[in-house]
Amino acid sequence: MSTLRPPFDHGLHELDDGLFCYLQPDGGWGWSNAGLVVGDGSSLLIDTLFDVRLTAAMLTEMSGVIPTAPIGTVVNTHANGDHCFGNQLVAGAEIISSAATATEMEDIPPALLHAMVTSDLGDPVLTAYARECFGAFRFDDVELTPPTRTFSGHLGLDVSGVEIELHELGPAHTGGDVIVHVPAAATAFVGDLAFIGGTPIVWAGPLANWCAAIDHIISLGVDTIVPGHGPVCGTGELAEVGAYLAWVDAEATGRFHAGMSAADAVADMVLGPWADWGESERIVANVATVYRHLDPSATAPGVLDIFADMAHWRAANSRA
Ligand SMILES: [Zn+2]
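All residue numbers for the sequence shown refer to the numbering used here, where the first residue is 301 and numbers rise by one.
Laid out in structure tokens, this is it:
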């Protein structure tokens, strides 16, 4: 097999015999990747995309390489809409996720995202930011299509002769993150446990659990990692994601114990080498998650509150 990386160009790329990734530059908010494992008679799709139009275009491109192996199985790596809002177009297949992901899929419904990009959110900075993040996508025709099969821990699958291993490694990015390991190709599709070139966002945590998930992926001995966002990479780039998360965890925890508020902690932290990653404003959400795990009495903020805080941090820290 080859460890050549495909270019970070939009569309389908062959990684190995019968193994493909579908990439969506620039990998920012909503621009997620997917994968395809082709067996002898049926195929497995890893994630759908953020809206119906994008998913339809992807499925059309994939149909060209699977004329005799239709998609019989879909894995949703986690519950974020950019990995499952296209499910309605593969509703005839078995759709697999972790049990935790199936539960979370209701949390941020398409209608909320539709409202975020079409409503005045009562705060001009937030309204503009929400449209910038999600305005390229269409949510009013998305019909939330839940998994038809769930599991916890580990699940082995045989995709018409290709051995696949699903590992549930959350809670980390979300409550139920799953990776798809293809041992014969030394490849893992890791969903949003890897953002490459962009800043990871920790919705669930704890951050140490995400770092442990990264260690687990590296221990699989894979050569090729398809992240949920950004270009195909190897374990070195994945380890860098872990380094960022460990840094955030340590810096935020120290400030928590020193009595600083989460907002003051964020203002006091210097991103250094990570300031160049996209969506650096996600530091706000990540520190809030660290604080939430350290303070048992804290309640999780609403998604609009998190976006408002990120929008204002970015407005205050913009280099433009
Ligand atoms: Zn994503």
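Even for Gly, the Cβ is constructed at its ideal location relative to N, Cα and C.
If we count the other Cβ atoms within 10 Å of its Cβ and call it buried at 16 or more, is residue i buried or exposed?
i	result
A550	exposed
T401	buried
H454	exposed
G318	buried
R353	exposed
M301	Legend: pLDDT at M301 = 48, less than 50; position of this residue unreliable, no value from coordinates given.
A391	exposed
S618	exposed
P307	exposed
T599	exposed
E406	exposed
G602	exposed
T355	buried
V570	exposed
G536	exposed
L359	buried
P410	buried
S398	buried
P471	buried
A616	exposed
L412	exposed
L304	exposed
A552	buried
Cβ of residue i versus every heavy atom of ligand 1: is any distance shorter than 7 Å?
i	result
N380	yes
S397	no
G528	yes
D564	no
H310	no
D326	no
S363	no
D477	no
H313	no
S332	yes
D492	yes
T383	Per the sequence shown, the amino acid found at residue 383 is His instead of Thr. Yes - ligand 1 has a heavy atom lying nearer than 7 Å to the Cβ of H383.
Measuring alpha carbon to alpha carbon, tell me which of the options ends up nearest residue i.
i	options	result
D340	I583, T355 and V462	V462
C384	W510, G528, S363 and M362	G528
W331	V590, E579, I583 and A598	E579
V459	M405, G372, A486 and G505	G372
P446	T418, V374 and T474	V374
H310	A399, N333 and D316	N333
S265	L507, A539, S397 and G505	Because the chain in this structure spans residues 301 to 620, residue 265 falls outside the shown range and cannot be described.
V379	A615, P370, I396 and S363	Reading off the sequence shown, one finds Ala at residue 379, where the question assumed Val. That would be I396, whose Cα lies nearest to the Cα of A379.
T450	M569, Y429 and G476	G476
L545	G530, A567, G521 and A513	A513
G521	G559, A484 and T427	A484
A415	G470, D407, F439 and E406	F439
D326	N387, P531, F607 and M610	P531
T348	E443, V425, V365 and A399	E443
R582	G364, I606, D420 and A543	I606
T368	S343, Q388, L389 and G386	S343
D523	G534, H516, I517 and D515	G534
F350	E361, V338 and G328	G328
D515	A543, G497, G505 and I496	A543
G497	L315, Q324 and F320	Q324
H313	E432, T553 and M362	M362
V584	P370, L604, R592 and D609	D609
Could you tell me how far apart the beta carbons of residue i and residue j are, in whole angstroms, since I believe they sit closer than 8 Å?
i	j	result
F489	V526	5 Å
H467	V478	7 Å
W574	T499	7 Å
V629	T589	In the structure as shown, the chain starts at 301 and stops at 620, and residue 629 therefore has no counterpart that could be examined.
Y429	A562	Not confirmed; about 19 Å, so no contact.
E394	T448	6 Å
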